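In the working numbering, the protein residues as written are 1 to 312. Ideal Cβ positions, reconstructed from N, Cα and C, are used throughout, including at glycine. These figures come from a predicted structure and were not determined experimentally.
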Ligand code: DHB
Ligand code: FE
């Protein structure tokens with residue numbers, strides 16, 4: 001037998017009370033959001049006849065998720081991060097702003113405070129024995145179409161096991177391995193040497209993976225490299241590139257792949273370019289230019305003050 005109680009006046013009053021809408025104190029925006037989200041939950045419980053057992057299973061999972069610090073991991077997996085990007089895109093479109101370099105999700109694994117250098121950096125410390133050398137470079141352009149000297153390019157990626165420094169379950173990586181901040185040179189150029197990252201997977205057996213499995217989904221990402229790019233007078237760009245040819249490019253559990261963010265990867269085997277880059281053998285080369293957008297009425301209307309995670 002199904003019952004529906006959501007629309008009962010006493011339940012509707014109850015929702016207002018539990019959200020503090022009848023109280024003077026507190027934060028009006030928090031009240032508004034909680035009222036809406038709890039209302040939507042009540043309605044879902046009613047409509048889907050969610051049993052107390054099912055509900056308690058969800059609560060236990062949330063406790064597990066929190067204890068593991070993985071709210072930020074399941075969020076992209078449930079498409080929320082990508083949805084937020086789609087909304088920013090739609091806002092930009094309404095304002096007539098064109099993002100020639102598309103934004104895409106930050107992910108949960110950025111760490112502030114990486115070493116900074118001008119023009120060039122080596123990201124890896126040479127300890128990943130399976131690493132195939134990578135040279136990536138490009139020009140950062142301002143909204144006037146001119147190269148942006150002094151722009152800040154923050155870059156981070158994982159190793160060939162799919163582990164990020166500061167989040168490496170084996171504890172093997174040094175702090176800030178494969179994380180750097182590069183300031184573009186006088187011609188707006190950045191360049192780095194690293195290794196080609198491999199794909200990433202959510203921690204096996206984790207609450208994040210358990211939910212994805214229950215959905216019949218995997219928790220794998222194609223190999224990718226993250227960027228924050230900022231420059232005077234411009235909005236900060238959060239984006240990633242995928243490593244071309246990765247079989248998961250169109251099957252990313254975090255839905256970050258976007259057209260325009262899969263630059264060609266060229267395998268270089270000629271002695272001249274090997275020498276010119278100070279390498280000992282063949283390497284992969286990626287060229288990727290980045291185009292920033294101007295501030296809106298003098299401000300970054302989409303500023304992401306989200307995560308100022310200090311070094312562990
Ligand atoms: C996740 C991990 C990433 O490296 C990333 O870029 C996006 C999401 C995650 O575990 O949810
Ligand atoms: Fe990532």
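query, result
"Residue nearest to residue 258 in terms of C-alpha spacing, selected from 108, 121, 244 and 30", "244"
"Cα-Cα separation, residue 101 to residue 15", "43 Å"
"Residue 201 in three-state terms, based on DSSP", "strand"
"Whether residue 31 touches residue 119 by CB criterion (8 Å)", "no"
"Strand pairing of residue 136, partner residues [DSSP]", "192 and 286"
"Cα-Cα separation, residue 47 to residue 26", "31 Å"
"Simplified DSSP state of residue 187, which is helix, strand or coil", "coil"
"Minimum C-alpha distance to residue 297 - residue among 97, 10 and 9", "97"
"Cβ of residue 281 within 8 Å of any chain C Cβ", "Considering every chain present, this structure includes no chain C. It has just one protein chain."
"Cβ separation of residue 238 and residue 106, assumed to be a contact under 8 Å, to the nearest whole Å", "5 Å"
"DSSP beta-bridge partners of residue 147", "141"
"Under 8 Å between C-beta atoms of residue 163 and residue 170", "yes"
"Cβ contact (3+ pairs, closer than 8 Å) linking the region 263 to 270 and the region 279 to 298", "yes"
"Buried versus exposed, by CB contacts within 10 Å (16 or more), residue 37", "exposed"
"Secondary structure, alpha helix (DSSP H): runs of 4+ residues fully inside the region 5 to 37", "9 to 18"
"The region 249 to 258 in contact with the region 214 to 222 per 3-pair CB rule at 8 Å", "yes"
"Beta-carbon contacts of residue 201 that lie in its chain and below 6 Å, excluding the five residues immediately before and after", "162, 219 and 220"
"Alpha carbon of residue 302 to alpha carbon of residue 79, nearest angstrom", "19 Å"
"6 Å Cβ shell around residue 240 - same chain, five flanking residues per side excluded", "104, 224, 226 and 256"
"Residue burial classification, residue 182 (beta-carbon count within 10 angstroms, cutoff 16)", "buried"
"Opposing strand residues paired with residue 257 [DSSP bridges]", "Per DSSP, none; premise fails for residue 257."
"Residue 55, buried or exposed, once every other Cβ within 10 Å from all chains shown has been counted against 16", "exposed"
"Rounded separation between residue 141 and residue 235 - CA only", "12 Å"
"Residue 225 - DSSP class collapsed to helix/strand/coil", "strand"
"Coarse secondary structure for residue 122, derived from DSSP in three states", "strand"
"Residue 74, DSSP secondary structure in three states", "helix"
"Limits of the unbroken beta strand (DSSP E) element including residue 241", "237 to 242"
"Which listed residue (18, 17, 49 and 29) has its alpha carbon closest to that of residue 4", "49"
"Per-residue burial, residue 8 [other beta carbons within 10 Å of its own, 16 or more giving buried]", "exposed"
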